[in-house]
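Chemist: Terminal number for the sequence shown in the numbering used here: 220, no gaps in between.
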Amino acid sequence: MRITSVTTAVVEANFDYTFVRVETDAGAFGTGEAFFAPGLTSLVRDLGQVLVGHDPRRIRPLWERLVAAAGGTTSAGVAFNAMSGIEAALWDLNGKLADRPISALLGGAHRDVVDVYVDLHGGAQLQSLDRVMRYRTPFWVSANGATQTHGSFWEAGDSEAESFDGMLARSEDALAAGFRNLKFDLDIFTNDRATGDRSIGRADLEQLAERAAGL
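(1) Based on the DSSP secondary-structure assignment, which residues constitute the bridge partners of I8?
(2) Would you report the Cα separation of G90 and A74, rounded to the nearest angstrom?
(3) Could you name each continuous alpha helix (DSSP H) segment of 4 residues or more that falls completely within the region 53-141, going from the start of the chain to the end?
(4) In the DSSP assignment, the beta strand (DSSP E) including A39 goes from what residue to what residue?
(5) Is the separation between the beta-carbon of A103 and that of L111 shorter than 8 Å?
(6) According to DSSP, simplified to helix, strand and coil, what is L45?
(7) If you measure between the beta carbons of A93 and E38, is that distance less than 8 Å?
(8) Please identify the residue among P143, T29 and G150 whose C-alpha is closest to the C-alpha of N19.
(9) Does DSSP classify A14 as helix, strand or coil?
(10) Among L210, A182 and R136, which residue has its Cα nearest to the Cα of E17?
(11) Roughly how many angstroms separate the alpha carbons of P61 and L95, rounded to a whole number?
(12) Can you give me the Cβ contacts of S176 inside the same chain, cut-off strictly under 7 Å, excluding the 5 residues immediately before and after it?
(13) I'd like the list of long-range same chain contacts for M88, defined as Cβ closer than 7 Å, with 5 residues on each side in sequence excluded.
(14) For L45, which option in G35, Y22 and H59 has the closest C-alpha, if you only look at C-alpha atoms?
(15) Round the Cβ separation of V57 and T13 to the nearest angstrom and send it over; I've been treating them as touching at under 8 Å.
(16) If you follow the alpha helix (DSSP H) that D190 is part of, which residue opens it and which one closes it?
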């Protein structure tokens, strides 16, 4: 069995959900997902070329080939976004070939039931970001059938539609619906990204702790 192609499919939602498919000459395929980033799909396709013709069951040697191929990048960042999506697809493929859960291939499951959480920070309306963190109206909800971009998510002076009271209200709704695990981005109300200072000081930590305690 040999790998014949590594391809991508992108779903525009609150950000680009980038799915990776590894296909083989036996007709079997695996699907993974890579977190969005500028140039991600192109990088997945470029890196995928070094796997074509190789046995998809030899995941570790294939990973080493990806590391070598990405040698012109750093040891983090978009290259590893792409590589993780490809590796996930390889594990999915191998799970199918073995007719076993991937957890069994990795040494066995740690639990039989997995708790889920509800992501509440987005509010009632979808806020969508493109690959370079610009607000956008996806083509499927735009007036003219094209994706329309707006200002940058991290520009100084942007007003946030979010409010802490709104987060509290959504928390109460989620708890009433039976959820016990909630997710929020507690730092979305302040915007210091444009100052060049990415450090977190005591005042920032105290503010975040206060919000967490309030929830």
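Think of the CB as a built atom: it goes at the ideal place given N, C-alpha and C, for glycine as much as any other residue.
Modeler: Quick answer:
(1) Bridge partners of I8: T29.
(2) If you draw a straight line from the Cα of G90 to the Cα of A74, it comes to about 15 Å.
(3) For the region 53-141, the continuous alpha helix (DSSP H) assignments of 4+ residues that do not extend past its boundaries occur at 64-74, 83-103 and 107-110, in sequence order.
(4) It spans F34 to A39 - the beta strand (DSSP E) in which A39 sits, taken as one unbroken run.
(5) Contact check for A103 against L111 fails: the beta carbons are separated by 8 Å or more.
(6) Annotated three-state conformation of L45 is helix, per DSSP.
(7) The beta carbons of A93 and E38 sit closer together than 8 Å.
(8) Closest option to N19, Cα to Cα, is P143.
(9) Here A14 sits in strand by DSSP.
(10) When each option's Cα is compared against that of E17, the closest is R136.
(11) Taking the straight line from one Cα to the other gives about 6 Å.
(12) Closer than 7 Å at Cβ, skipping near neighbours: L125, L187 and L220.
(13) The residues are L52, L71 and A75.
(14) The candidate whose alpha carbon is nearest that of L45 is Y22.
(15) Their Cβ separation, rounded to whole angstroms, is 15 Å, which puts V57 and T13 out of contact at 8 Å.
(16) Judged by DSSP secondary structure, D190 falls outside any alpha helix (DSSP H); it is assigned neither H nor E.
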